[in-house]
Amino acid sequence: MILIKSAEEISLMRVAGRIVAEALEKVKAAVAPGIATSELEEIAEAAIIERGGTPAFKGYRGYPASICVSVNDQVVHGMPSSRKLREGDILSLDLGVNHKGYFGDMAVTLPVGAVTPQAKKLILVTREALMLGIGQAREGNRLSDISHAVQEHAEANGFSVVRMFVGHGIGRALHEEPQVPNFGPPGMGPRLKAGMALAIEPMINAGDWKVRVLADGWTAVTSDGSLSAHFEHTVLVTRGEPEILTETGH
Ligand code: MF3
Ligand code: CO
Numbered sequence: 060m061i062l063i064k065s066a067e068e069i070s071l072m073r074v075a076g077r078i079v080a081e082a083l084e085k086v087k088a089a090v091a092p093g094i095a096t097s098e099l100e101e102i103a104e105a106a107i108i109e110r111g112g113t114p115a116f117k118g119y120r121g122y123p124a125s126i127c128v129s130v131n132d133q134v135v136h137g138m139p140s141s142r143k144l145r146e147g148d149i150l151s152l153d154l155g156v157n158h159k160g161y162f163g164d165m166a167v168t169l170p171v172g173a174v175t176p177q178a179k180k181l182i183l184v185t186r187e188a189l190m191l192g193i194g195q196a197r198e199g200n201r202l203s204d205i206s207h208a209v210q211e212h213a214e215a216n217g218f219s220v221v222r223m224f225v226g227h228g229i230g231r232a233l234h235e236e237p238q239v240p241n242f243g244p245p246g247m248g249p250r251l252k253a254g255m256a257l258a259i260e261p262m263i264n265a266g267d268w269k270v271r272v273l274a275d276g277w278t279a280v281t282s283d284g285s286l287s288a289h290f291e292h293t294v295l296v297t298r299g300e301p302e303i304l305t306e307t308g309h
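So the number in the working numbering is just where the residue sits in the sequence shown, counting from 1, plus 59.
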């Protein structure tokens, strides 16, 4: 069942989403060649707690940290470590917060210093794919209209979409129904209704869509070693324009 959020729940989700966005801004500002991903973790955790939130990922199925830091061919769920970022890397940051029992979830990919034209394009196209997917999160549309919009844009630009991980409903749990794939034909699945909250999160590879999980049990990497990018917003379906909850401005 896809839960419909009440006005009060939506207010709480706006606060959770704002905390996510503000904390992620602080982490982004620290990204530079030479910084260790464990330092980004410290910044994230402090920023979340300062704002009255709890890191949503820490302890989730045993995940050890507040953020995911996925570098280059790492797709998602990279764990903070002593690894130092280098000029030319691309870094995906994923951050989730629980505030007063409601969750927000967001991810961005950013260049570390100067990166190749291909890396720049991958980041740009993945962000655009997210925004096109969000544009389909409208009352009356079907769930897979989101999926299709993402896939179309990625593949039109010569990239591929990851199948092994998908977006999700979100609210009183980090992961609620429905699953939100980033691929598929349009016009399928449940009809979207005002009050549904979805974490839409395209993961797009420069090469093949296949991924595998490393022996650490978490880090997903592209099977061909190609670069991967990831953007995510927590989005509310309304009677009109979709509302992005993971923004700093509201
Ligand atoms: N945005 C990811 C998700 O929705 C991050 C989860 S990391 C985990 O699943 F550690 F919490 F699993
Ligand atoms: Co998510």
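Glycine included, C-beta positions come from ideal geometry on N, C-alpha and C.
Given the structure is predicted, the values throughout are model-derived calculations rather than measurements.
Buried versus exposed, by CB contacts within 10 Å (16 or more), residue i
i    : result
A173 : exposed
G299 : exposed
A175 : It should be pointed out that residue 175 corresponds to Thr in this sequence rather than to Ala. Result: exposed.
Q177 : exposed
K159 : exposed
A274 : exposed
A89  : exposed
V76  : For clarity, residue 76 is Gly in the given sequence; the question names Val instead. Counting Cβ neighbours within 10 Å, G76 comes out buried, since at least 16 surround it.
R73  : buried
P123 : exposed
M255 : buried
P301 : buried
E235 : buried
M247 : exposed
Cβ distance (whole Å) where residue i is taken to contact residue j below 8 Å
i    : j    : result
A115 : E81  : In fact, because the Cβ distance is near 15 Å, the residues do not count as touching under 8 Å.
I263 : A213 : 5 Å
I149 : A288 : 7 Å
Beta strand (DSSP E) segment containing residue i, residue limits
i    : result
E332 : Because the chain is modelled from 60 through 309, residue 332 falls outside the range shown and cannot be assessed.
I229 : Looking at the DSSP string, I229 is not in any beta strand (DSSP E), and its letter there is neither H nor E.
G199 : Element bounds for G199: n/a, residue is neither H nor E.
Opening and closing residue of the alpha helix (DSSP H) in which residue i lies
i    : result
R186 : P176 to G194
D204 : L202 to A215
Could you check whether the segment 201-210 touches the segment 230-246, counting it as contact only if at least three pairs of C-beta atoms, one from each stretch, sit closer than 8 Å?
Under the 8 Å Cβ criterion, the segment 201-210 counts as touching the segment 230-246, having at least three qualifying pairs.
Do three or more CB pairs link the segment 250-259 to the segment 195-202 at distances below 8 Å? The segment 250-259 vs the segment 195-202: in contact.
Uninterrupted beta strand (DSSP E) stretches inside the segment 77-152 (no shorter than 3 residues)
Residue ranges of uninterrupted beta strand (DSSP E) with 3 or more members, entirely inside the segment 77-152 and ordered along the chain, are 126-130 and 133-135.
Q) Would you call the segment 188-196 and the segment 264-271 in contact, with 3 or more CB pairs under 8 Å? A) Between the segment 188-196 and the segment 264-271, the count of Cβ pairs shorter than 8 Å is below three; the stretches do not touch.
Item to complete: Check whether the segment 136-143 touches the segment 94-109, counting contact only when three or more Cβ pairs, one atom from each stretch, lie closer than 8 Å.
Response: Inter-segment contact for the segment 136-143 and the segment 94-109 is present: three or more beta-carbon pairs are separated by less than 8 Å.
Can you give, in chain order, each stretch of the beta strand (DSSP E) that sits fully within the segment 248-301 and has at least 3 residues? List check, beta strand (DSSP E) in window: 256-259, 262-264, 270-272, 279-281, 287-289 and 292-295.
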